[in-house]
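What follows is one structure encoded as structure tokens, with my remarks underneath.
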Amino acid sequence: MAKVLVAYATRTGQTKKIAEAIGDAIREEGHGVTVENINKLKKETDLEGYDGYVFGAATYHGEMMGPMKTFLFMAEKANLEGKPGGAFGAYGWSGEGSIRVFDTMKNVFNMDMVGGPLRIKKLAGDGARKAKEYAKEIAAKLG
Ligand SMILES: Cc1cc2nc3c(=O)[nH]c(=O)nc-3n(C[C@H](O)[C@H](O)[C@H](O)COP(=O)(O)O)c2cc1C
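Residue numbers (the working numbering): 25 to 167.
This is the structure we're talking about:
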């Protein structure tokens, strides 16, 4: 059983809902999951002990939420190279947040990322299905 950290930045709770849906679906695949607001992850040692990482940020003003930028500077020190990863986020119309988080995990952290970021407007309906499929992609990388 692998252990996965799902960490999110949200303002109104949509990205938290996606984080929880991804977490539940990875658990259904037989792995251990911790779902945490990035506010609670203060230092790089808080990222130790996991086999995979899924980071999520909502989009505001064409960017990932500000606190996620600070979190990623911290996570840079955690040496996540080669670890399976994914990125997600709630959005309204453009959804840059999850794209930038994904690109950072891929190009700066050199993680073993799934095919692309997951962008969801609302978790209801099709969003829940997409979150589940995304979780399966991540679980497949965990072996
Ligand atoms: C002031 C403001 C700015 C926003 N800017 C963007 C944006 O640039 N692009 C986008 O796709 N969505 C934008 N949104 C929509 C949010 O991403 C959307 O409401 C999302 O569900 C919020 O996620 P959260 O509940 O996790 O905070 C904006 C929303 C607000 C209130």
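Just so you know, even glycine gets a beta-carbon here, dropped at the ideal spot from N, CA and C.
Give me, in chain order, the residues of the same chain whose beta-carbon lies closer than 6 angstroms to that of residue i; leave out the 5 immediate sequence neighbours on both sides.
i: L143; result: The sequence given here has Arg at residue 143, not Leu. Only Y115, G119, S122 meet the Cβ criterion.
i: K41; result: L147
i: L29; result: T58, Y74, Y77
i: F133; result: L104
i: E161; result: V138
i: R124; result: M88
i: K156; result: A49
i: G47; result: V30, V57, V59
Quick one: grab the DSSP three-state call for residue i.
i: N131; result: helix
i: A26; result: coil
Can you round the beta-carbon distance between residue i and residue j to whole angstroms, since I take them to be within the 8 angstroms contact cut?
i: A82; j: H55; result: The pair is not a contact, with the Cβ atoms about 25 angstroms apart (cut-off 8 angstroms).
i: M137; j: G109; result: 5 angstroms
i: A31; j: E60; result: 5 angstroms
i: F126; j: A102; result: With a Cβ gap of about 17 angstroms, F126 and A102 do not count as contacting.
i: K93; j: M135; result: Not confirmed; about 17 angstroms, so no contact.
i: A152; j: A45; result: 6 angstroms
i: K64; j: M98; result: Contact flag wrong, Cβ pair sits at about 12 angstroms.
i: G80; j: T39; result: 5 angstroms
Does ligand 2 have even one heavy atom less than 7 angstroms from the beta-carbon of residue i?
i: A26; result: With respect to ligand 2, the structure offers nothing, as its ligand set consists of ligand 1.
I'd like the list of long-range same chain contacts for residue i, defined as Cβ closer than 7 angstroms, with 5 residues on each side in sequence excluded.
i: K130; result: M137
i: I50; result: V28, V57, A159, I162, A163
i: K154; result: L142, I144
Once the 5 residues before and after residue i are set aside, which same chain residues still bring their CB inside 8 angstroms of it?
i: R35; result: A82, Y84, M89
i: K165; result: G76, P108, D136, V138
Where in the region 33–103 do unbroken runs of the alpha helix (DSSP H), each at least 4 residues long, occur, reported from the N-terminal end onward? Complete alpha helix (DSSP H) runs here, min 4: 38–52, 90–99.
Run through the region 103–159 for me and flag every whole beta strand (DSSP E) of 3 or more residues, listed as ranges in chain order. Complete beta strand (DSSP E) runs here, min 3: 108–114, 142–144.
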